[in-house]
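Protein chains in written order, with my numbering: chain A, 235 to 454; chain B, 235 to 454. Yeah, the Cβ is synthetic: ideal placement off N, Cα and C, and Gly gets one too. A short worksheet on the structure shown next.
There are 2 protein chains.
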Amino acid sequence: MDTQKNQPDSRTALLHAARDLIFTRSFEHVGTAEICERAGVRKGSLYHFFSSKEDLVLAMLDALMDDFEGAVLVPSLEGPNCIRERIDAFVQAIHAFEAAVHRESGYLPGCPFGNLIVEAGTYNPGLRQAVKRHLDRVAGHFQRCLQEGIDRGELPAHTDALALAELWLALMEGILVMAKVDQDPATILRLGPALHVLIGVSGPHTTSEDPPEGAAGGNT
Amino acid sequence: MDTQKNQPDSRTALLHAARDLIFTRSFEHVGTAEICERAGVRKGSLYHFFSSKEDLVLAMLDALMDDFEGAVLVPSLEGPNCIRERIDAFVQAIHAFEAAVHRESGYLPGCPFGNLIVEAGTYNPGLRQAVKRHLDRVAGHFQRCLQEGIDRGELPAHTDALALAELWLALMEGILVMAKVDQDPATILRLGPALHVLIGVSGPHTTSEDPPEGAAGGNT
DNA sequence: AGTCTAGTTGACCGGTCGGTAAACTGGAAG
DNA sequence: CTTCCAGTTTACCGACCGGTCAACTAGACT
Chain A
235 MDTQKNQPDS RTALLHAARD LIFTRSFEHV GTAEICERAG VRKGSLYHFF
285 SSKEDLVLAM LDALMDDFEG AVLVPSLEGP NCIRERIDAF VQAIHAFEAA
335 VHRESGYLPG CPFGNLIVEA GTYNPGLRQA VKRHLDRVAG HFQRCLQEGI
385 DRGELPAHTD ALALAELWLA LMEGILVMAK VDQDPATILR LGPALHVLIG
435 VSGPHTTSED PPEGAAGGNT
Chain B
235 MDTQKNQPDS RTALLHAARD LIFTRSFEHV GTAEICERAG VRKGSLYHFF
285 SSKEDLVLAM LDALMDDFEG AVLVPSLEGP NCIRERIDAF VQAIHAFEAA
335 VHRESGYLPG CPFGNLIVEA GTYNPGLRQA VKRHLDRVAG HFQRCLQEGI
385 DRGELPAHTD ALALAELWLA LMEGILVMAK VDQDPATILR LGPALHVLIG
435 VSGPHTTSED PPEGAAGGNT
């Protein structure tokens with residue numbers, strides 16, 4: 235990354251440290267002292283740049299979302315490929331990301347946004363709404379991908395891209411929970427193809443109407 | 235003289251308090267002092283019955299699983315109904331449960347097992363494996379339900395009940411994450427019908443009925 | 001009676017939590 | 001030079017954390 239430069243680096247170092255630690259563990263389980271230690275910064279500096287631990291995490295989520303869009307969402311969901319290939323690329327990208335973290339840290343962390351919601355969603359409204367904004371943005375990528383599929387005739391014209399994008403996100407969140415239970419990236423590859431069933435592109439070539447029994451057979 | 239007629243009730247009171255508090259908030263965010271206060275018990279008693287906070291939570295999960303089986307899984311998934319009706323009943327039961335908690339406490343908690351996995355799955359192996367056991371048991375109910383559907387001819391004979399049960403669980407976990415993001419039980423009813431699509435009973439399986447769009451929600 | 005014991009109690013422990021305050025640094029601007 | 005100030009450092013705070021301990025209580029058994 236940019237650790238070579240000596241520039242106003244403490245803020246970035248804090249963001250990186252918070253991301254690495256909270257992502258692989260949890261919001262409550264990681265303290266400010268540990269974040270500062272990892273960042274090589276004293277605690278006073280943390281509260282110079284951020285008004286609270288929550289404020290730091292909020293800024294961390296913004297940066298994380300930008301990275302996630304650039305590394306996963308845009309490369310896999312945009313381009314000339316058909317929608318089936320895009321879904322496959324998306325699953326592969328998620329798997330590659332989680333597997334990389336698992337390889338380097340020993341942890342399979344799951345979805346950082348989903349993690350925060352599940353942990354703090356009930357008692358921290360600010361955090362919850364911030365995460366909701368980011369998840370809506372992720373779903374927006376799905377929706378645009380689906381809409382392109384509809385426009386190209388790869389999906390039925392009556393498909394509800396908005397509703398299907400929400401389901402896409404829901405299943406992906408659930409798959410990441412299951413992968414976290416197993417602590418095994420392979421779970422993502424095992425369950426990911428079910429997205430085809432959910433979205434309705436399970437067959438090799440999409441007919442306008444649903445196949446009588448092909449949907450259930452093509453899973454896993 | 236004791237106003238209570240039951241026996242060694244402190245243990246049960248602690249289990250109930252831990253369930254209510256940790257379920258609606260989180261493992262790390264709820265302290266032993268608060269659990270004891272809610273249970274009307276001094277902290278020493280907690281450590282008379284349980285060796286640690288984690289031990290208490292483990293026992294609480296066992297009791298919770300028993301309640302969940304009796305209140306949701308068995309009533310909705312067993313009986314003479316066809317598989318489509320069972321899925322609907324299951325979604326309704328989950329919704330009723332979450333909506334009741336939401337009404338009474340103001341929180342929509344999501345899945346207690348999934349919550350714990352997401353929060354502590356990476357750094358607490360004991361908790362993770364305990365939750366995994368419970369989730370496997372839930373998936374076992376799904377699998378038996380699916381197998382019955384296969385035996386009755388409601389599902390294709392080549393259906394993989396084990397793999398499909400895992401997907402059922404994954405989608406349900408994801409739906410509960412989405413409901414927690416929204417803090418709205420209606421999300422469960424909106425996304426729940428997608429289980430039909432995933433399992434493959436969304437099509438016009440009943441020739442007599444004519445569902446316009448509401449029952450299956452197949453392509454939405 | 002006396003003893004035993006499961007259960008209860010309140011005081012207490014060391015450690016860590018998020019957060020604060022004041023003093024300090026070094027480079028840019030006047 | 002002096003002034004200024006974003007950024008850094010150190011020491012520190014009160015609150016809370018999970019957990020411990022010895023003393024105590026009351027019912028059951030002998």
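Here DSSP, grouped into helix, strand and coil, assigns B:V306 to helix.
Within 10 angstroms of the beta-carbon of A:G340 lie fewer than 16 other beta-carbons, which makes it exposed. Only Y341, L342, P343, G344, G348, N349, I351, V352, E353, A354, G355, T356, Y357 from the region 326 to 359 of chain B bring a Cβ to less than 8 angstroms from some Cβ of chain A. Proximity of A:R378 to chain B, defined by a Cβ-Cβ separation below 7 angstroms, is not satisfied. For a Cβ distance threshold of 7 angstroms, residue set E262, Y357 of chain B lies close to A:H263, ordered along the chain. Taking every protein chain shown into account, the CB of B:N349 has 16 or more other CB atoms within 10 angstroms, so this residue is buried. A:E382 is outside the set of residues whose beta carbon lies under 7 angstroms from a beta carbon in chain B.
A direct Cα-to-Cα measurement between B:R272 and B:T246 gives close to 12 angstroms. Closer than 8 angstroms at the C-beta level to chain A, one finds these residues of the region 400 to 420 of chain B: E400, L401, L403, A404, L405, M406, E407, G408, I409, V411, M412, K414, V415, D416, Q417. Of the candidates A:R259, A:F376, A:D243, A:G313, the residue whose Cα lies closest to the Cα of B:T356 is A:R259. Pairing B:H392 with B:K277, the inter-Cα distance amounts to about 55 angstroms.
Pairing B:P343 with B:V335 gives a Cβ-Cβ distance under 7 angstroms. Among the CB atoms of chain B, one or more fall inside 7 angstroms of the CB of A:L425. Cβ-Cβ separation between A:A404 and B:I409: approximately 5 angstroms, consistent with a contact (criterion under 8 angstroms).
Excluding residues up to 5 positions away in sequence, R320, F324, H375, C379 lie with their Cβ nearer than 7 angstroms to the Cβ of A:L311 in the same chain. Straight-line spacing of the CA atoms in B:H329 and A:A293 works out to 34 angstroms. Its chain contains A252, I256, F261, L350, L361 as the residues whose beta carbon lies nearer than 8 angstroms to that of B:V291, once the 5 sequence neighbours on both sides are disregarded; these appear in chain order.
Looking at the backbone, the Cα of A:S279 and that of A:L295 are separated by about 20 angstroms. Inter-residue distance for A:N315 and A:D385 is about 14 angstroms (C-alpha atoms, whole angstroms). Membership of A:T258 in the alpha helix (DSSP H) is indicated by the continuous run 243 to 258. Against B:K366, the close residues of chain A are V415, in the order they occur along the chain (beta-carbon pairs closer than 7 angstroms). For A:T266, the secondary structure class from DSSP, reduced to helix, strand or coil, is helix. Between the beta-carbon of B:I317 and that of B:L389 there is about 7 angstroms, and that keeps the pair under the 8 angstroms contact cut. Rounded to whole angstroms, the gap between the alpha carbons of B:S286 and B:A364 is 15 angstroms.
Taking the Cα positions, B:R424 is about 31 angstroms away from A:E288.
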